[in-house]
Each structure stands twice: as structure tokens, then as C-alpha cells.
Amino acid sequence: MSTLIRLCGIAALVISLSSPTQAQLGALTGKGDSKDSKDKDNKKDKKKPPDAKVEAKNVAKYQDVKKNAKTKYDADTDFRDDVEQAFSELMRDHGERAYQKNTQISSRIVSVREDRWRVHENLYDNLLVQDHINRIGQRLVAAESERAFAFKVIPDPTPLAETLATGTVYISTGLISLLDSEAQLAYVLAHEAGHVEKNHWHERVMLEEYQKAQSEAQAKKVAGLRLLGSISGSMLGGAAGQGVAGKLQAGFFGANALGDLGANVAALLYRPLIVDWDTVEENQADDFAFKAVLDANYDVREVPELYVTMQKVAARDVRIGLGFLGDRHRIDQRLEHARDLVANAYKQEIDAKLKNGFLSMSAEHRNLMAELKRDNGIMAYYHDMFELARANLKEAVAIRENDPAAHYYYGKVLKQIGRTDDDLKLARDEFYKAAKFDVHDENFGSHLHLAMMMTRENNVDKKIVAEELDDYVTNYARWNLMEGTLRAFPPNLDTVYEYMTLYGPPNWTPKPPILPEVYEQVNSLRSSAPPPPPQQTSPAKVQAPAETPAPNQKTTPGKTPVPNVPIPNTRKK
Ligand SMILES: [Zn+2]
Numbered sequence: 073m074s075t076l077i078r079l080c081g082i083a084a085l086v087i088s089l090s091s092p093t094q095a096q097l098g099a100l101t102g103k104g105d106s107k108d109s110k111d112k113d114n115k116k117d118k119k120k121p122p123d124a125k126v127e128a129k130n131v132a133k134y135q136d137v138k139k140n141a142k143t144k145y146d147a148d149t150d151f152r153d154d155v156e157q158a159f160s161e162l163m164r165d166h167g168e169r170a171y172q173k174n175t176q177i178s179s180r181i182v183s184v185r186e187d188r189w190r191v192h193e194n195l196y197d198n199l200l201v202q203d204h205i206n207r208i209g210q211r212l213v214a215a216e217s218e219r220a221f222a223f224k225v226i227p228d229p230t231p232l233a234e235t236l237a238t239g240t241v242y243i244s245t246g247l248i249s250l251l252d253s254e255a256q257l258a259y260v261l262a263h264e265a266g267h268v269e270k271n272h273w274h275e276r277v278m279l280e281e282y283q284k285a286q287s288e289a290q291a292k293k294v295a296g297l298r299l300l301g302s303i304s305g306s307m308l309g310g311a312a313g314q315g316v317a318g319k320l321q322a323g324f325f326g327a328n329a330l331g332d333l334g335a336n337v338a339a340l341l342y343r344p345l346i347v348d349w350d351t352v353e354e355n356q357a358d359d360f361a362f363k364a365v366l367d368a369n370y371d372v373r374e375v376p377e378l379y380v381t382m383q384k385v386a387a388r389d390v391r392i393g394l395g396f397l398g399d400r401h402r403i404d405q406r407l408e409h410a411r412d413l414v415a416n417a418y419k420q421e422i423d424a425k426l427k428n429g430f431l432s433m434s435a436e437h438r439n440l441m442a443e444l445k446r447d448n449g450i451m452a453y454y455h456d457m458f459e460l461a462r463a464n465l466k467e468a469v470a471i472r473e474n475d476p477a478a479h480y481y482y483g484k485v486l487k488q489i490g491r492t493d494d495d496l497k498l499a500r501d502e503f504y505k506a507a508k509f510d511v512h513d514e515n516f517g518s519h520l521h522l523a524m525m526m527t528r529e530n531n532v533d534k535k536i537v538a539e540e541l542d543d544y545v546t547n548y549a550r551w552n553l554m555e556g557t558l559r560a561f562p563p564n565l566d567t568v569y570e571y572m573t574l575y576g577p578p579n580w581t582p583k584p585p586i587l588p589e590v591y592e593q594v595n596s597l598r599s600s601a602p603p604p605p606p607q608q609t610s611p612a613k614v615q616a617p618a619e620t621p622a623p624n625q626k627t628t629p630g631k632t633p634v635p636n637v638p639i640p641n642t643r644k645k
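Each residue of the sequence shown is one higher than the last, beginning at 73 in my numbering.
Below, the structure is given as C-alpha cells:
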């Protein structure tokens, strides 16, 4: 029960920590927004950006409120204590969100009908990509920064980025898959880090507390309404607290409409935490990002291009444009701001850097993007985000010609949405490549789809169709029988196969554990248990690594290596 209350508290807090929309500014300043809303009513469908003058005025008012809050924070000890307590609660809640993502299953292999693929959850389960993104992020933060940052990739085809008060920056595979270069990626990461570096979460909490203090009774009433709104919103599985609220989006893993209240509130933790930062905060983060990206020697002239890409993509699919982009009509403003920074404020610095040249895209980055775009393309395909799926998978096969899964899903998306004979021919060719490169006989669906498409062709070679159908059935059966055994291996076995083609012996196959040997090892561990570690000051449960024999002894020097007993044939001869 206490968890429930605490979680409701998060919902209310996060939702009420919203951007200074016009309505809120009205509430904050005691003045209405009738003029602007009338304007809006007149041009309902045009979705024109709010009048620049009105917005500038509102921003100024909002900054006044912020300034007053800061003054109160500096002068009033009680108020400061309230803010610090609320902030530490927020930190705990964000820590909880991070914990959920860090400790839940990250990936598993599934097969549904003729498809077999790896599902990613919570965190994108690709170590090299995670490391690569984190490294780019760490290079952007000043070495002397007092904060610690972590840059992590979440598996979600919707382009979004979010920042926790803990210093964690999440960026979705969907967003990364749309970025054309390392420079653009660096910019998004730096922008999100900027919200942390500039202490925006703390600022939000301070404003919230200030609002409460200013009008205790009214705030209580409003908070109560918001709380109700957030719960009913989450029960409907919709985006909780749209409008006035901070757009805590339901996202793809949103609450189940039929679940119980506890489950729904818990589901809030799994949702992307999307906050509309205010214009000033966004500009601060943009400016921080510009400088950071330039200091790290990335070509900031690519940043406006990023907004142009986002504009195009957002226009095609309403699901795109969440998170990093914030409000849709702000994309234009941010594009203009970025162009302005390139042309004016940073012009000299850019010209100076140009003399030595900017960092160009590394081969490593390109190669890792092939994996990420394939995986995101598959996710997008299953979300019926066809355009994104097609674009991602097209790029994935262009970078890595011999990836059977990328060819397979590219074929599937082309076959699904293709209209012309050329589309279908292309789909067929993709299934052909998927089958050709299926060296582990695990991409069984490619043989089925290839056979199906061949049957429609004139002068079809019946023998080949029959062979492909036979491959499909045989490989499917083999996969099903082996599935149990394969579950003993890490879910990223496919990725390891890829690395083994680069670094390992040819024809490498994983070694299944030999049960009698495992039992023998367990017994010998038991008879020679290490003595308790000396001088433990706290009752630590974990023993020092040096004194703990590795459970898997096969890599320990001096031990006889486990003989290589291949599992049932998984590759073509
Ligand atoms: Zn932002």
C-alpha cells in the first residue's frame, strides 16, 4: 500500500512538473490566456505556433516566477528544506525507474509462426552499441563536471530521449536509427545531459514547491484533481495528463486497460518519462549541447539537418515527435535556433575548427548502426511502423550484406506494404539473400517466404520450390528441438556469431556444458570451500573476487580445457 501511495505521488509530481503552458502561466501569474486561446480557436486546424509576442511575454512572466522561487529558496530555510526533501524523493523515484530497467530481463529469443528473432526489453541488449553510445556521451561532458552521467540505449522504435535526475540519459533505438551521423547523435546526448548539468530537475521541483507554497489550498485541490486524472488516464492506457500535465506518455509498453490499479501504477515506472522542458530550459540544453559537440570536434553544422530530418519523419507518423523533440511546433523554432547558432554565435569557432577538420564517422559506428537499425527495424515492423522499418532495414542490409535477419525482415516489410511488381521482386530477392546467408539454419521463415513468392512466378523451377519448403520444415523442426539446449546459451548468441566471424576460429560453435563435469566441479568446490575473507568490517554478502573461484572453470589457466563437443549441426556444410 505504501508503495502505491508513493507511486501515485510520483505520478502527481511528474505530471504537475509540466512546462509553462499558457494555462499554467495564467495560473502562476493570475492572468488568463483568453486572447491566445481565442486565436487558437479561430485557426484550430492550422496548428500555428503561438504568437511570438505572446510567447515571449509568457516566457518573461515565467522567468519572473522562477526568479522569485529562487529568491525564496535562497532566503527561506523552511522552503529550502521542502524543496530538498521533494528533490530527494524525486531522486529516489528516478533511482527506482533506473533499477527496474537495469534488473529486468533485457533480451530473449522468440519464435512466432515462421519468424524467429530476439526481443529486447528495458535496455537494448547489445553490449558494443551500449558501450559505444556511452563513450560518445562521456566525451561530451566536461571532465571537471561534478555530476556523474550514464548514457544508455532503450529498445523502442519511437524516437525518444529522456533524462533522469540521477544523471542517466536514455536514448531509444528508434531515435538513434534516424540520426545520420555521430555528430547528430552526440548532439542529442549532449542536449539531454544538458538538462542534468543545468540542474533542470531541481529547478522543476523548486517551482513545484513554490507553486504549492504560493497557494497551498488551491494547490492541494489542483494536485488532487491531477492525481485522479493521472490514475484514470493510466487505467485507460492513454497518455496520462496530456495538455496541462507534463505529458507522461503511455508509450508502447503502457498500462494494460484491464489490469488492476496496483499494476497500472507500477506500469508508470516502465513508461518513457517524457517531460516538456520550458523554452528557456530547452535553449539552455541546446546551447550546452552545441558547445559540447563542438568541443568534442564533431561537426555542429549537421545539427540543423537533424531537425530537418525530424520534421519530415514527424510529419509522416504522429507517433514520432515525442520526447527529445518536445512540442511539434517547437521543431521549427529549434531548427531556426540551431541555424542561427551555426551562422552567428559559433561561426568563428566553426571556421577555426574546420581548418583541422571535424571528426568523421568511424567504421565502428557504421558497423554498429547496421545491428541497431536491423533490431529497430524489426521492432518497428512489429509495431506496424512500416516506413521506419523499411528505412532502417534498407540501411542495415546496405551496410552489412550478409545479415540474414536484416534481409528477412526487409523482405517481409516490402512484401507487406509493396504495391508494384518491382516491390515484390525486391522482396523476393531479399528472401533469397536471407535464405542464402542463413548459415546457422535458424532463419527458417526465409525459406518459406522464398518458396511462396516463387510459386507465383512464370516458369517456376518446381524442384527449387520443393527444396526451399523442405528447408523450412526441416530447419523449423531442428530449431524447436534445439531450443531447450540453446536456452543455456546467452540470448545474444547471434551477435557472438557475428564477432566470431571477425575474431574467432572459422566454424566456431558454442560448447554445451557436460553435465557430469559440472557436477564434479560443484563437488570439488564444496570440499575446498575458501576460508572466510579476513577483516570484513561489514557483513558483506559478496566475497572478494580473487578468493571466489569462477563457477565456469574452463577459462581458468592451468585447467584442462573442456573438449569441444559441437551441438547438433547448426550450420550448412
Ligand atoms: Zn530538452
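Ideal Cβ positions, reconstructed from N, Cα and C, are used throughout, including at glycine.
Query	Result
Range covered by the alpha helix (DSSP H) that runs through I586	It is not in any alpha helix (DSSP H) - I586 carries neither H nor E in the DSSP assignment.
By C-beta, the residues closer than 6 Å to any heavy atom of ligand 1, given in chain order	H263, H267, W349, E354, A357
Identity of the residue in Q383, M451, N130, A507 nearest E193 by Cα	M451
CA-to-CA distance, M525 to V532, given in whole angstroms	10 Å
Buried versus exposed call for G576 [16 or more other C-beta atoms within 10 Å across all chains shown]	exposed
Distance between T149 and P227 (C-alpha atoms, nearest Å)	43 Å
Touch test, the segment 196 to 215 against the segment 364 to 372, Cβ-Cβ under 8 Å, three pairs minimum	yes
Within 7 Å, strictly: CB atoms of L232 and S244	yes
Buried or exposed (CB count within 10 angstroms, at least 16 for buried), E234	buried
C-beta atoms of A461 and G449 nearer than 7 Å	yes
A255 beta carbon less than 7 Å from that of E161	no
Under 7 Å between C-beta atoms of L440 and V191	no
For Y242: DSSP bridge partner residues	K224, E234
Rounded straight-line distance, which links the Cα of L251 to that of P638	Any reading at P638 must be qualified, since the residue scores a pLDDT of 45, below 50, and its modelled position is unreliable; no value is offered.
Beta carbon of T230 nearer than 7 Å to that of A170	no
Counted within 10 angstroms of its Cβ, other Cβ atoms place I177 as buried (16 or more) or exposed	exposed
Given Q279 as reference, the closest of Y134, P476, A470 once Cα atoms are compared	The residue you asked about is not Gln; residue 279 is Leu in the sequence shown. Of the candidates Y134, P476, A470, the one whose C-alpha sits nearest the C-alpha of L279 is Y134.
Helix, strand or coil at R219 according to DSSP, with G and I counted as helix	coil
CB contact flag (E502, H479, <7 Å)	yes
Straight-line Cα distance separating M457 from N464	11 Å
Own chain partners of L378 with C-beta closer than 6 Å, once the 5 adjacent residues on each side are dropped	Q256
Candidates K497, D510, D350, V268: closest to T527 by CA position	K497
Cβ contact (3+ pairs, closer than 8 Å) linking the segment 556 to 572 and the segment 533 to 545	no
Rounded separation between P578 and E459 - CA only	37 Å
Distance cut-off 6 Å: D456 Cβ against heavy atoms of ligand 2	Ligand 2 is not part of this structure, which contains only ligand 1.
Proximity below 7 Å, CB of V537 to CB of A523	yes
Residue environment, Q283, which counts as buried when at least 16 other CB atoms sit within 10 Å	buried
Rounded straight-line distance, which links the Cα of E156 to that of A241	The residue you asked about is not Ala; residue 241 is Val in the sequence shown. Each residue's alpha carbon lies about 22 Å from the other.
Inter-residue CB distance, R207 and E269 (contact presumed, cutoff 8 Å)	The Cβ separation is near 18 Å, so there is no contact.
C-beta atoms of L444 and I248 nearer than 7 Å	yes
CA nearest to the CA of A368, picked from R472, I422, G167, K534	I422
Collapsed DSSP secondary structure at I177 in the structure displayed	coil
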